[in-house]
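A.B. asks: Take this structure first; my questions come after.
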Amino acid sequence: MYDIFQIDRLIDLWLTEDIGTCDLTAQLMIDEDAKSTFHMNAREPMVIAGIDVAARLFARYDPTLTVTRLARDGERVEKGARILTVSGPARSILTAERPALNILQRLCGIATETARFNAELAGTGARLIDTRKTTPGLRMLEKHAVSCGGGLNHRLGLDNGVMLKDNHIAVAGSIAGAVERVRQKLPVLTKIEVECDRLEQVEEALAARADVIMLDNMSIEDMTTAVKLVNGRAKIEASGGIRIDTIRNVALTGVDYISTSKITQAAPAVDIGLDE
């Protein structure tokens, strides 16, 4: 889910960026009282994410527009599917067209890529999760798109949990020291995750009673050993270098979660058109 108040602020930013003082083309060539109906069509198979945001953008620019959603977030549609219809002043529709398409194509692309990665995990018990490697300003929406594609969200921000990475551990002097320091003032329901890139660090994290152990850029052999070593005493996340052609082998090691930035940073925008 996402905060509609934040969405409205983002929409205002997108419209201001794209329009400037006015849509000169629409103002010069389209009569003020001209009405029209346009349809958003999927030009390739995709998973929908952000349909409500696109609809809200049209309505925020011109409240007299009638917007009808024909698909819902999380729905898989085929090429040629009509996913949204907007009717009303033609000037308004064509002025708001590009920002609405931009955000919908981006979010549907993330949802579609997430679903593609998620399909590789079928039958393994591992769950796909995202990272904080998102487009600045769009994290809330991009993580929503991940959930539409069947993935889970990791931390939304630094205030959502404790993750002790290599630099934190270096400052503290040891994994035990880092865990002990944060546990003294940790909110009671907040988990502690420790990043490990060697098996001896996994043993240290276990001894410190970490809730989640991240296996960072480990080999398949070492991940398999780590899973046996942990033996259910903590949740295990695999991360680093995860690709569509490697994720299933990682899942088969028995880890609980697999995180990758590929589903956000590398997801291609899908092709959606606005046609009369």
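Oh and the sequence shown: position 99 is 99 in the numbering used here, straight run, nothing missing. All C-beta atoms, glycine included, are put in the ideal place defined by N, C-alpha and C.
1. Assuming residue 215 is part of the beta strand (DSSP E), what are its boundary residues?
2. So, using beta-carbon positions, are residue 49 and residue 107 closer together than 8 Å?
3. Identify the continuous beta strand (DSSP E) that holds residue 275 and give its terminal residues.
4. What do you reckon, are the CB atoms on residue 100 and residue 172 nearer than 8 Å?
5. Please classify residue 255: does DSSP put it in a helix, a strand, or coil?
6. Give, in chain order, every unbroken run of the alpha helix (DSSP H) that is at least 4 residues long and sits entirely within the region 196-250.
7. If we call anything under 8 Å between Cβ atoms a contact, is residue 271 one with residue 239?
8. Say whether the region 200-215 touches the region 223-240, bearing in mind that this needs 3 or more beta-carbon pairs closer than 8 Å, one atom from each stretch.
9. State the Cα-Cα distance for the pair residue 195 and residue 258, rounded to the nearest angstrom.
10. Check whether the Cβ atoms of residue 176 and residue 204 lie closer than 8 Å to each other.
11. List the DSSP bridge partners of residue 77.
12. Kindly list the residues whose CB is nearer than 6 Å to the CB of residue 134, restricted to its own chain and excluding five residues on each side of it in sequence; keep chain order.
13. Residue 124 and residue 149: beta carbons closer than 8 Å?
14. Name the residue from 72, 166, 232 and 209 whose alpha carbon lies nearest to the alpha carbon of residue 183.
15. Is it buried or exposed, residue 165, if we count other Cβ atoms within 10 angstroms and call 16 or more buried?
16. Look at the alpha carbon of residue 280 and the alpha carbon of residue 247, and state the distance between them as a whole number of angstroms.
C.D. replies: So, from the data block:
1. Note, residue 215: beta strand (DSSP E), 212-216.
2. Between residue 49 and residue 107, the gap from beta carbon to beta carbon is short of 8 Å.
3. 272-275
4. no
5. coil
6. Complete alpha helix (DSSP H) runs here, min 4: 199-207 and 220-230.
7. Their beta carbons are not under 8 Å apart, which means residue 271 does not touch residue 239 by this criterion.
8. yes
9. 13 Å
10. yes
11. Beta-bridge pairing links residue 77 to 46.
12. 142 and 264
13. no
14. Among 72, 166, 232 and 209, the Cα nearest to that of residue 183 is on 209.
15. exposed
16. Since the displayed the chain opens at 1 and closes at 276, residue 280 lies outside it and no answer follows.
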